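Here the structure is laid out as structure tokens; the discussion comes afterwards.
Chains as they are written, first to last, in my numbering: chain X, 1101 to 1381; chain W, 28 to 294; chain G, 74 to 279.
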């Protein structure tokens, strides 16, 4: 059964003329890893805001159509309760630090305090998440004095610790170096493996190719394309939608044009290596 | 190490100092009643004795240096200044000259009045100062939340304090960059007033624009869930002795006030 | 827009701590620029003008409470800052802050309120006589050379010191209100007042 169901959803922010979402229809299934890509201003973040219940409660504006989260319309969701169901991490690491706690350990625990989780369980969960995100050494630090990258990890930890069914993640790695990015993706992947639904907005197309199962390409407030990762990212047409495709796919197409096609269009480096090796034999 | 640190939250938070480890509400009531008593008494001998006691007590709590620094400033701007002002400003009722400085006669009546007023101003200020020096805001808010005050109140207080620190840093940075862009920050008062606007506006606008994301981020951490909260860092609840102490101090203040009012009415 | 009465909406709630910090920083910048002014009510007035009575009053009150940590006697002057919030909301609803001249004129209101309530509080707190602030340097000569009653002298002194302070304050407020982006204003209770051509967007259906 679809977990998040969008039926002909259109949305306009208050005091704007242009719709930010136009007739969007899509079903997100439980336990899958979705990637949202597309040009800036294409509606990626608006889609996240909708799923997260911030539209229409926080952003107001005009919402049409039906948007169901776990069978309940987003208009009827209590803004507080939905946070126990859908976690949300976004780009800016500075605004995601609460500014009311003196140590990273306490910072990470805020969500659990608000949910009324018993203290012993709280401590255990925070310890586990700190290990998972490699921030054990920071637990005693003041969260307001961390570097960008450290803040982003702490912000991420603060949401993961709440153990929501679904995670909406809007460019979590924008402040991280390649190594940090890779490790965050490993974490997201392991969350997916533990049965969570992941909806990820990300520009780093190679990582999308490697980890996501389904892809949505947003353009001009519409879902311009959607489908399994392989199908979308190996399609040259995706480029016309203002987004990139992996360099390996471009390589695959170039080989085809040169009259030396590979057996398939590769979207990850491993795939490319394998296909090239197979051809060589 | 992180496990150890995490588990340290299982025990009540303690500093090791007898006074500092009292429950925040206890400290608040004790400090406040003593502070108020100086106003009710309106007597310089009492007021200044209490101030002296604050000093000694502040050192006993390990916050003596901090307390002295702020209190001395208050002592000068409230105490000394007021004594001089009363000598200049109070003209009626002065009959007993005390001494003369370069032809300026100081009168006993206005001197005593100024001592009374500054003793209760300082007596009040000192009590509040002592309380805040020995009680972090988060502890006070913890106690309030246990009394049923919304966690929103705690957020406002604690977040404001962090914002002050953050905005201060930003304001210095903006001021520096304005200087390097050629905006005059020295010169006459008009020039300096003009420099105020390009400094404060970007500061406010920047801070405002961050609130939208901040509210989303806090919401994602269940900030607006209406459930009973739990607390990671806990303080030792008020003991029986503390309760009795609070009651005694409050009763003392009330009876003092009643007595003072009654005395004033009879007179 | 869609707000229940008597409840602070979410965005206003998060603006409160910023308003409080701005009150502090205004004063600090004044010190950095060596201006002999307080400039400590900008946050109160901006938040009140955008969010309404309660948020503005809370900003005023909490600013004084936090100030009391290092200088406890400011606690007595909390009603002053709260009154600024009330006046700011009234003027904001009447669209005064949309017009530069009305904005500058509003400084007079703030100064009169500041002077009036300020003098009353000083009067009460300092045992029905002059206070120990800067204002004493003006009120005492007024009392002694012009023979004005002490309270009147105190009132005049506090008001006149306040006028310049509040002129600078409201000009800063004016600039800020003018520069806040529309999408942000849209989410604030009184934000609509500051949106250009707000009516234009009202009726059209998609």
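Virtual Cβ for every residue (Gly too), placed ideally from N, Cα, C. Quick caveat, the model's predicted, so the values are computed rather than measured.
Within the model, the alpha-carbon separation for residue 1187 of chain X versus residue 1194 of chain X is close to 18 Å. Interface residue (Cβ-Cβ distance to chain W less than 8 Å): residue 1227 of chain X is classified as such.
Per the coordinates, the alpha-carbon of residue 1260 of chain X lies some 18 Å from the alpha-carbon of residue 1275 of chain X. Annotation for residue 1162 of chain X: the continuous beta strand (DSSP E) segment containing it runs 1162–1169.
Taking 3 residues as the minimum length, the beta strand (DSSP E) runs contained wholly in the region 124–177 of chain W are 124–128 and 131–134, in order along the chain. Using a Cβ-Cβ cut-off of 8 Å, residue 259 of chain G counts as an interface residue toward chain X, since at least one Cβ of chain X sits closer than that to its own.
Given a length threshold of 3 residues, each whole run of the beta strand (DSSP E) inside the region 1226–1296 of chain X is given here in chain order: 1266–1270. For residue 82 of chain W, the uninterrupted alpha helix (DSSP H) run begins and ends at 71–87, by DSSP. DSSP places residue 41 of chain W in the coil class of the three-state scheme, outside both helix and strand. Boundaries of the alpha helix (DSSP H) harbouring residue 267 of chain W: 267–293, taken from the DSSP string. Shown in chain order are the members of the region 252–281 of chain W whose Cβ falls below 8 Å from a Cβ of chain X: 252, 253, 254, 255, 256, 257, 258, 259, 260 and 261. Taking C-beta separations shorter than 8 Å and ignoring five residues to either side along the sequence, the partners of residue 186 of chain G in its chain run 153, 156, 157 and 160, following chain order. Taking all protein chains in view, the Cβ of residue 113 of chain G is crowded by 16 or more other Cβ atoms within 10 Å, so the residue is classified as buried. Listed by position along chain G, the residues whose Cβ is nearer than 7 Å to that of residue 115 of chain W are 213.
Under the three-state reduction of DSSP output, residue 246 of chain G falls in the helix class.
Taking a C-beta distance under 8 Å as the contact criterion, residue 1287 of chain X and residue 1215 of chain X do not qualify as a contact pair. For the pair of segments examined, the region 233–247 of chain W was found to touch the region 80–93 of chain G: the number of CB pairs separated by less than 8 Å reaches three.
Residue state for residue 1123 of chain X is assigned as strand, using DSSP reduced to three classes.
The region 1224–1241 of chain X makes contact with the region 1250–1265 of chain X; the number of CB pairs closer than 8 Å reaches 3 or more. Residue nearest to residue 156 of chain W within the set W:218, W:38, W:57 and W:194 is W:57 (criterion: CA-CA distance). In this structure, residue 103 of chain G lies near residue 110 of chain G, with their beta-carbon atoms less than 8 Å apart. In the structure shown, residue 196 of chain W adopts helical secondary structure according to DSSP, grouped into three states. Closer than 7 Å at the C-beta level to chain W, one finds these residues of the region 1224–1249 of chain X: 1226, 1227, 1230, 1236, 1239, 1240 and 1244. Contact note: residue 152 of chain W reaches chain G through 145 and 146, using a C-beta cutoff of 7 Å and chain order. When G:238, G:262 and G:258 are compared, the shortest CA-CA separation from residue 236 of chain W is found for G:258.
The beta-bridge partner set that DSSP reports for residue 1129 of chain X consists of X:1102. When the beta-carbon positions are compared, residue 1135 of chain X and residue 1302 of chain X come within less than 8 Å of each other.
Boundaries of the beta strand (DSSP E) around residue 1326 of chain X: 1322–1328. Residue 93 of chain W: member of the alpha helix (DSSP H) spanning 91–101, first to last residue. Take residue 256 of chain W, set aside five residues on each side of it, and the residues of its chain with a beta-carbon closer than 8 Å to its own are 172 and 178, in chain order. A distance of 8 Å or more separates the beta carbons of residue 1223 of chain X and residue 1207 of chain X.
Burial is judged here by how many other beta carbons sit within 10 angstroms of a residue's own beta carbon; residue 1380 of chain X has fewer than 16 and is exposed.
The beta carbon of residue 97 of chain W lies closer than 7 Å to those of 156 in the same chain, with the five residues before and after it left out. Listed by position along chain W, the residues whose Cβ is nearer than 7 Å to that of residue 1328 of chain X form an empty set, because the closest Cβ is around 29 Å away. Contacts between residue 37 of chain W and chain X, judged by CB atoms closer than 9 Å, involve 1219, 1220 and 1223 in chain order.
Within the region 80–96 of chain G, the residues whose Cβ lies closer than 7 Å to some Cβ of chain W are 83, 84, 86, 87, 88, 89, 90, 91, 93, 94 and 95, listed in chain order.
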